[in-house]
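S.K.:
2 protein chains.
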Amino acid sequence: MISIQQKTGTPKYKQIIASIENAIVSGTLKKGDALPSINSVSMAHKLSRDTVLMAFNELKTRGIVQSIVGKGYYVLNDQVDVTQKIFLLFDELNSFKEDLYSSFLKHLDKNIRVDTFFHHFNYDMFSKLIHENRGAYNQYIIMPANLKNTHVAIDSLPKERVYILDQMHSELLKYPAVYQNFEKDIISNLNKALPLIKKYNRIILLFDESRQPEGMRIGFEKFCISNVLEHAVIASLENLPLAKGDVFIIPDDKNLLRIIKKIKEKNLVLSQDIGIISYNDTLLKELVEGGITTISTDFNKMGEQLANMINTKEQVKIENSNALILRNSL
Amino acid sequence: MISIQQKTGTPKYKQIIASIENAIVSGTLKKGDALPSINSVSMAHKLSRDTVLMAFNELKTRGIVQSIVGKGYYVLNDQVDVTQKIFLLFDELNSFKEDLYSSFLKHLDKNIRVDTFFHHFNYDMFSKLIHENRGAYNQYIIMPANLKNTHVAIDSLPKERVYILDQMHSELLKYPAVYQNFEKDIISNLNKALPLIKKYNRIILLFDESRQPEGMRIGFEKFCISNVLEHAVIASLENLPLAKGDVFIIPDDKNLLRIIKKIKEKNLVLSQDIGIISYNDTLLKELVEGGITTISTDFNKMGEQLANMINTKEQVKIENSNALILRNSL
DNA sequence: TCTAATTTGTGCGTATGTATG
DNA sequence: GCATACATACGCACAAATTAG
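For the protein sequence lines, the chains are A and B, in the order given.
When you line the first sequence up against this note's numbering, it's residues 2 to 331, in that order.
When you line the second sequence up against this note's numbering, it's residues 2 to 331, in that order.
Following this line, the structure appears as structure tokens:
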């Protein structure tokens with residue numbers, strides 16, 4: 002079933018892969034059948050176990066065969082053209098992901114499968130998910146979010162298969178990435194909005210340490226200090242007396258809804274009495290209350306750039322552009 | 002009591018352990034009960050005696066069971082803290098999932114891990130995901146969406162571990178479920194809105210056959226016929242001249258945005274010239290254009306009920322409630 | 001009391017994949 | 001490519017305790 006030409010340009014492990022693929026296409030191997038064991042192949046063809054292993058591993062990550070410890074390798078799939086499987090680790094499921102994810106899939110080559118996981122800002126889960134899925138995927142796209150020491154887990158993956166998404170950490174600089182520069186972006190976008198911000202007495206960042214990137218808070222504070230603005234960073238809207246002349250930066254939509262309702266309850270007028278800058282643009286913000294001003298990265302572009310990087314196998318670092326979208330709420 | 006999946010990644014001895022743990026947690030095995038003998042298990046499931054022995058030994062060292070030579074194994078301890086893994090298969094990632102998913106996690110017992118997959122309305126992917134993950138999870142929660150013949154794949158899973166979510170098919174009635182009755186719901190909610198609908202000349206359902214449930218279209222047509230309304234079902238907004246007097250039912254948010262923009266472009270007035278009923282409520286619809294009227298199931302409740310069903314091991318069918326939320330757009 | 005069947009417990013050997021250096 | 005340790009799975013032989021007849 003397996004034929005190896007000793008002195009030819011093509012690597013032996015690729016010859017093994019081709020042999021097995023042919024056997025599946027020709028029907029010699031059917032779904033559920035066992036492959037010859039690593040030992041028997043390496044003995045019969047006088048190859049190193051590692052060479053055979055490399056071949057079998059690639060067939061595994063492509064989803065064509067499956068390995069069972071203590072038993073052997075089994076054919077999973079008749080279709081040999083399933084080229085790649087991608088492991089995509091998000092922080093949490095929220096509506097910002099919708100654009101990113103659909104744009105990523107849209108621009109990805111066909112018959113690539115993407116499996117999606119969520120770590121929920123929990124390091125144990127983050128680490129467990131990476132370790133459990135090591136070896137099963139061709140590419141690992143990871144959103145480290147604001148977790149610490151993510152490199153401990155990530156470094157256990159094959160370096161050339163890892164991509165970092167959204168937040169960049171200093172220990173992860175060795176990996177290709179599509180990321181946002183939160184500190185820079187918030188400063189430059191708030192500066193663009195400065196004339197409008199100056200209408201207000203005080204600028205307030207609603208900041209949940211466990212979910213938002215630190216760069217956002219740092220950039221915010223730098224901006225406020227360099228422009229001598231009265232400012233505050235608060236963790237929640239609870240017990241906050243809504244004062245005329247406040248402008249809020251709000252990174253999540255639940256609080257956005259809450260604050261707009263509060264504003265209406267108190268008969269305050271958006272953009273006159275209270276200002277709102279929302280973080281991360283989603284579909285309907287264009288229409289809410291005549292339009293919510295947002296600072297947002299272009300999630301569609303982020304997904305597209307990530308897909309292109311995977312398609313072309315380029316290993317680069319791309320800072321995703323970030324824009325201020327001025328609307329009625331400021 | 003013991004279920005073993007032959008060709009799967011999870012080792013057989015671990016499957017035996019999990020089976021027995023589940024039997025204890027679910028009450029099938031009580032304190033003092035005898036386990037089936039090593040021989041009977043190894044014969045019944047065609048396993049090596051040693052494999053079964055390995056599993057029973059681990060249960061013994063964990064203090065869950067006790068062995069008596071010449072007699073058998075007996076359950077010592079009711080309290081088994083099993084960290085469960087749940088397989089959750091969604092159709093696609095969209096913002097409606099956010100509430101459902103977060104509410105599900107919130108009400109689930111702690112240290113349960115949920116892995117999420119998406120089939121994208123693709124049967125091959127649906128089937129592959131189920132087969133590849135068979136045996137690796139304690140529970141399988143599956144959104145069959147509008148795919149046909151989903152039971153072929155689903156029936157290969159252990160029956161008592163399967164839960165159906167959102168859409169119910171006749172071949173899946175044997176499984177517990179939290180579902181919507183789309184046909185009934187759209188009829189009753191449109192009837193509630195009938196006085197307002199009668200303001201308009203024509204009612205139009207925007208219906209993407211590949212994504213939306215068939216019951217929605219069937220219910221819509223029944224409603225229109227029984228109330229003698231001029232109606233239409235269209236697949237896309239392209240080439241649609243927006244006519245005064247039309248009321249639209251719009252199941253997805255991209256088209257909702259498109260139509261509202263079109264309405265504004267043409268200087269038509271929402272709820273006077275054109276009506277909108279949106280399907281599936283999300284956070285910001287309350288605020289868009291003074292409020293968008295929606296027909297929606299309560300996704301928070303759906304997640305909660307699903308979590309409760311898993312927590313209590315009840316195997317029932319729950320029709321999730323569905324409501325008309327009247328707002329400015331109708 | 002003897003016997004046969006069943007059960008747990010132990011030891012040894014072989015084959016497979018996995019991980020590391 | 002090689003060597004080594006480890007995890008999983010299967011099979012066989014034999015000992016010791018228990019139970020049913």
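Ideal Cβ placement from N, Cα and C applies to all residues, glycine included.
1. Among the candidates A/Glu210, A/Leu327 and A/Arg114, whose CA atom is the shortest distance from the CA of proline 196 of chain A?
2. Could you list which residues in chain A have their beta carbon closer than 8 Å to that of threonine 117 of chain B, in chain order?
3. Is the beta carbon of glycine 276 of chain A sitting closer than 8 Å to the one on valine 234 of chain A?
4. Start and end of the beta strand (DSSP E) containing glutamate 305 of chain A?
5. Taking Cβ to Cβ, would you say asparagine 78 of chain A is nearer than 8 Å to lysine 32 of chain A?
6. Count the CB pairs spanning the segment 135-151 of chain A and the segment 152-169 of chain B that are closer than 8 Å, and state whether there are at least three.
7. Taking the C-alpha atoms as reference points, what is the distance between glutamine 80 of chain A and isoleucine 25 of chain A?
8. Look at the Cβ atom of phenylalanine 119 of chain A, then the Cβ atom of aspartate 92 of chain A, and state whether they are nearer than 8 Å.
9. Using a Cβ cut-off of 8 Å, pull out every chain B residue sitting near glycine 33 of chain A, in sequence order please.
10. Short of 8 Å in beta carbon distance, which residues of its chain neighbour leucine 130 of chain B, apart from the five on each side in sequence? Order them along the chain.
11. I want to see whether chain B comes within less than 8 Å of leucine 271 of chain A, judged by CB atoms only; does it?
12. Could you tell me if methionine 144 of chain A is buried or exposed, where buried requires 16 or more neighbouring beta carbons within 10 angstroms of its beta carbon?
13. Compare the C-beta of leucine 243 of chain A against all C-beta atoms of chain B and say whether one is closer than 8 Å.
14. Could you check where the beta strand (DSSP E) with valine 179 of chain A kicks off and where it finishes?
15. Do you know how far the Cα of alanine 324 of chain A is from the Cα of isoleucine 5 of chain A?
16. Where proline 177 of chain A and lysine 318 of chain A are concerned, what is the direct C-alpha to C-alpha distance, given to the nearest angstrom?
17. Taking 8 Å as the limit between beta carbons, can you name the residues of its chain near leucine 331 of chain B, skipping five residues before and five after?
18. Nearest to glutamine 168 of chain B by CA position, among B/Ala244, B/Met303, B/Thr9 and B/Met310, is which residue?
19. When the Cα of phenylalanine 88 of chain B is compared with those of B/Val115, B/Asp82 and B/Leu106, which residue comes out closest?
20. What is the rounded straight-line gap between the Cα of lysine 107 of chain B and the Cα of isoleucine 251 of chain B?
21. Quick check: is the beta carbon of leucine 238 of chain B nearer than 8 Å to any beta carbon in chain A?
22. Between the alpha carbons of threonine 313 of chain B and isoleucine 65 of chain B, how many angstroms are there, rounded?
23. If the cut is a Cβ gap below 7 Å, which residues of chain B does glutamate 99 of chain A touch?
24. Measure the alpha-carbon distance for glutamine 7 of chain B versus phenylalanine 105 of chain B and round it to whole angstroms.
25. List, in chain order, every chain A residue whose beta-carbon is nearer than 7 Å to that of glutamate 59 of chain B.
26. Going straight from the alpha carbon of methionine 310 of chain A to that of leucine 230 of chain A, what length do you get?
27. If contact means a Cβ-Cβ distance below 9 Å, which residues of the segment 68-87 of chain A contact chain B?
28. Check whether the segment 9-28 of chain A and the segment 44-55 of chain A touch, using three or more Cβ-Cβ pairs below 8 Å as the test.
29. Could you pull out every unbroken alpha helix (DSSP H) segment of at least 4 residues lying fully inside the segment 217-288 of chain B, listed in chain order?
30. Let's test the definition: count the other Cβ atoms within 10 Å of the Cβ of valine 42 of chain A and tell me whether it reaches 16, buried, or not, exposed.
31. Excluding the 5 residues preceding and the 5 following lysine 245 of chain A in the sequence, name in chain order all residues of the same chain whose CB lies nearer than 6 Å to its CB.
32. What is the rounded straight-line gap between the Cα of valine 70 of chain B and the Cα of alanine 45 of chain B?
33. Considering only the alpha carbon of each residue, which of A/Ser68, A/Asn58 and A/Glu320 lies closest to threonine 298 of chain A?
34. At a CB-CB cut-off below 7 Å, which residues of chain B make contact with valine 289 of chain A?
35. Looking at the structure shown, is alanine 56 of chain B part of a helix, part of a strand, or coil, going by DSSP?
36. Using a cut-off of 8 Å between C-beta atoms, extract the partners of tyrosine 141 of chain B located in chain A.
M.R.: Put simply:
1. A/Leu327
2. Leu94, Thr117, Phe118 and Phe119
3. no
4. Segment 300-313 is the alpha helix (DSSP H) holding glutamate 305 of chain A; no beta strand (DSSP E) there.
5. In contact: asparagine 78 of chain A and lysine 32 of chain A (Cβ atoms closer than 8 Å).
6. no
7. 8 Å
8. yes
9. Lys8
10. Answer for leucine 130 of chain B: Leu90, Phe118 and His120, listed in chain order.
11. no
12. buried
13. No, because no Cβ of chain B sits closer than 8 Å to the Cβ of leucine 243 of chain A.
14. 178-180
15. 56 Å
16. 5 Å
17. Ala194, Leu197, Ile198, Val248, Ser272, Gly276, Ile277, Ile278 and Thr294
18. Of the candidates B/Ala244, B/Met303, B/Thr9 and B/Met310, B/Met303 places its Cα closest to the Cα of glutamine 168 of chain B.
19. Answer by Cα proximity: B/Val115.
20. 30 Å
21. At a cut-off of 8 Å between beta-carbon atoms, leucine 238 of chain B makes no contact with chain A.
22. 21 Å
23. Leu94, Asn95 and Ser96
24. 31 Å
25. In chain order: nothing, as chain A lies at least about 16 Å away.
26. Between methionine 310 of chain A and leucine 230 of chain A, the C-alpha separation is close to 41 Å.
27. Ser68, Ile69, Val70, Gly71, Lys72, Tyr75, Leu77, Asn78, Gln80 and Val83
28. The segment 9-28 of chain A vs the segment 44-55 of chain A: in contact.
29. 254-266
30. buried
31. Asp274
32. 21 Å
33. A/Glu320
34. Leu285, Leu288 and Val289
35. Helix, per DSSP.
36. Simply none; closest approach about 16 Å.
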